[in-house]
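First comes the structure, then the notes that go with it.
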């Protein structure tokens, strides 16, 4: 398991930091339609023959030794990306006004940091859109990007069908104490946030 | 020494004595008001370079005014029917100075000579901001000191230093009564305004008792604290009237009349069906106990108005409104620069202040109002001086609105800060150089270069997330989605005056930090003369109490 230091200082381990924007900028239609995909926006219960509720991928990067495991869970309009190797999870909420919100959970500490709309861009949403294939009803077996940091390969390892497991993944994190990122500076005496302040935290890349 | 020069220097010395006399009413000698004797005419000519100079004249006038105030000054105990406490969260001395210059430059002046609304107040002093257990403080401890008269620990609300932060069991027996509660008992109307969440530390310290500032709603609390009977901060706000009446048997108060700020999520159940029309989240509420506190508040005050947007605010009839709870945002309200981007609209701090006073002054017994500009602090944490200064300027506008709406003979207005930030004003820019710009030295037209050969800005931060060039971005918090950039950047082609520019920071940190230096206290109205010198921050409570006889009035009501 990674140490707190490694996790907080190691934002570059987030898969969508791997220059995913190189792909997304080539696909303006995808950018424009992200989160409008029925599979993502409705958990696919209504539009697909089989409910699409989750998947497990491995991500390998040409210039990196380690392979990262990523669990993706869908619940109604929300997406939860879990990185078990990092003990970090990210909840993406499309927002009632169409402006996505991010909550990043730290499983070892059972804490979370909330980002307000417009403070982040939602690359994971765009990525999920592509991982769900053209019809939004099946997880693609493999997706390869030729990014600036080298070739990245997403390989499907498992399709999650157990809705209870999906619900549990969400519920577990929703019990964590969370705080707005804007409030971190007012929590210097909190050991968790003090670590964040001192070490620095690299959030997902914004373009 | 030549006799003429001696006489001239005596004249100047006496003028200076007048300036110093403001500190002690017993030795006032308003010498500058007396016409010079015939034998001194030549002496006056000798110092004409001084006395004919506009700087000299203006300062002398100020001195004469101060001397007159000191001469006529009488102790103003109990003369303040109304008390308004403005708190610029994070508005340290350098922030006040920079905001003053920026406002002046926005008005077309050079800037440095400009005066913010509260800079015109006749009395000022300093407050030492440290918490009992912290050299550099936080808002919870500092605001508790200002509201209760007792310094306490960092991170706790309305309780003394015997508290163990986060331990619910240590709250009982350590609660502090606040100026707002005392005013309420005394029969005054009460109000709290904030551009932060209304459950955030500063506003919370006016009404709540909590072992942790972050217990804003029940979902923020550990289960053992809930089981032990501690109440979350939002619940304490809605139950304020009942809680206060339970604390002092036999009293009958009518609750906080005006509540305006952000933070709806702490008042609503975690259920999308309770979303407000301008919710930004799929599920706006955070509460896991199923309670809708907006509904509970409305049930307590059926004639009261619950509003969430600009339209409701505009429709408020201040003559007939008894109670109002306005929660304009799911979390904090927007920065002043970003206010126009809100879905349902948000009023400015000055508009909220004006409307609050119109409601509160319906009570002939007077009122207590706390107004917080809560997001100066947040923009500094984000390392964006432009947006922090614009919020400070809006605070100054709110103070002016209060001055305009009240009578200085019966209303004490205090403007202060809970703590400062590590923003500095440095380099050697020429007079009138843009306060947000790059340093251009006296006599030069090009930016001065530092030892590394690069231009630098007048304003920088000691620590934080560092440089950003985000153009005309109006939300300082966008910085949290970007990697930290510490140290120097080539600013040659960067517009450092834009709202999206974030200043360079020396020490990399995920969030810029508070500072530990003193903050200013600016006062106007009865009791203002008590604000002088360097004070412990908790003195502010005692000045408000003295000026308004709050405790005495409340004691008279208690059975």
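Residue numbers (our numbering), protein chains in the order written: chain A, -19 to 187; chain B, 71 to 629. Backbone N, C-alpha and C fix where the C-beta goes; we use that ideal spot for every residue, glycine too. Since the structure is predicted, the reported quantities are computational estimates derived from the model, not experimental observations.
- Against chain A, a Cβ distance below 9 Å from residue 500 of chain B picks out nothing, because the smallest value is about 33 Å.
- An exposed status is given to residue 320 of chain B, since fewer than 16 other beta-carbon atoms sit within 10 Å of its beta-carbon.
- For residue 142 of chain A, the closest Cβ of chain B is not nearer than 8 Å.
- Boundaries of the beta strand (DSSP E) harbouring residue 530 of chain B: 529 to 534, taken from the DSSP string.
- Taking the beta carbon of residue 520 of chain B as reference, no residue of chain A falls within 8 Å; the closest one sits roughly 24 Å away.
- Around residue 96 of chain A, the beta-carbon contacts reaching into chain B at under 7 Å are 401 and 547.
- Around the C-beta of residue 592 of chain B, 16 or more other C-beta atoms lie within 10 Å, and the residue is accordingly described as buried.
- Leaving aside the five residues that flank residue 460 of chain B on each side, the residues in its chain whose CB is nearer than 6 Å to its CB run, in chain order, 406 and 407.
- Taking CB atoms only, residue 164 of chain A has a neighbour in chain B less than 8 Å away.
- If you look at residue 262 of chain B, you'll find it in the beta strand (DSSP E) that goes 259 to 267.
- Within the segment 188 to 211 of chain B, the residues whose Cβ lies closer than 7 Å to any Cβ of chain A are, in chain order, 208 and 209.
- What residue 587 of chain B touches in chain A, judged by beta-carbon distance under 8 Å, is nothing: the nearest beta carbon there is about 16 Å away.
- For residue 300 of chain B and residue 314 of chain B, the gap between their C-alpha atoms comes out near 15 Å.
- The beta-carbon distance between residue 283 of chain B and residue 226 of chain B, rounded to whole angstroms, is 7 Å. This is short enough to meet the 8 Å contact definition.
- Using a CB distance below 9 Å, the part of the segment 74 to 85 of chain A facing chain B consists of 74, 75, 76, 77, 79, 81 and 82, ordered along the chain.
- Of all C-beta pairs linking the segment 489 to 496 of chain B to the segment 191 to 208 of chain B, three or more are shorter than 8 Å, placing the two stretches in contact.
- Under the three-state reduction of DSSP, residue 310 of chain B is assigned to helix.
- Per DSSP, the continuous beta strand (DSSP E) segment holding residue 94 of chain A begins and ends at 91 to 95.
- For residue 616 of chain B, the enclosing alpha helix (DSSP H) begins and ends at 609 to 618.
- Using a CB distance cut-off of 8 Å, residue 159 of chain A counts as an interface residue toward chain B.
- Taking 8 Å as the Cβ-Cβ cut-off, the segment 138 to 169 of chain B has no residue approaching chain A.
- Residues of chain A with a Cβ closer than 7 Å to the Cβ of residue 575 of chain B do not exist, since the nearest Cβ in that chain sits about 11 Å away.
- Between residue 323 of chain B and residue 254 of chain B, the C-beta gap is smaller than 8 Å, which places the two residues in contact.
- The continuous alpha helix (DSSP H) containing residue 213 of chain B extends over residues 209 to 218.
- At a cut-off of 8 Å between beta-carbon atoms, residue 27 of chain A makes no contact with chain B.
- In the displayed model, residue 368 of chain B falls within a helix according to three-state DSSP.
- A distance below 6 Å between beta-carbons, with the five flanking residues on each side excluded, links residue 120 of chain B to the following residues of its chain, in chain order: 126.
- Around residue 448 of chain B, the beta-carbon contacts reaching into chain A at under 7 Å are 162.
- Here residue 478 of chain B is exposed: its Cβ has fewer than 16 other Cβ atoms, across all protein chains shown, within 10 Å.
- Chain-ordered listing is empty here: chain A has no CB closer than 8 Å to the CB of residue 559 of chain B, the nearest sitting near 17 Å.
- Checking the DSSP bridge columns, you'll see residue 245 of chain B partnered with B:229.
- Spatial neighbours of residue 358 of chain B in its own chain (CB-CB distance under 7 Å, excluding positions within 5 residues in sequence) are listed in chain order as 288, 289 and 340.
- Taking C-alpha positions only, residue 111 of chain A is separated from residue 182 of chain B by approximately 58 Å.
- Contact between the segment 265 to 279 of chain B and the segment 439 to 450 of chain B is present, with at least three C-beta pairs closer than 8 Å.
- Annotation: residue 189 of chain B is outside any alpha helix (DSSP H) and is labelled neither H nor E by DSSP.
- If you compare the alpha carbons of B:598, B:534, B:594 and B:153 with that of residue 575 of chain B, the shortest gap goes to B:534.
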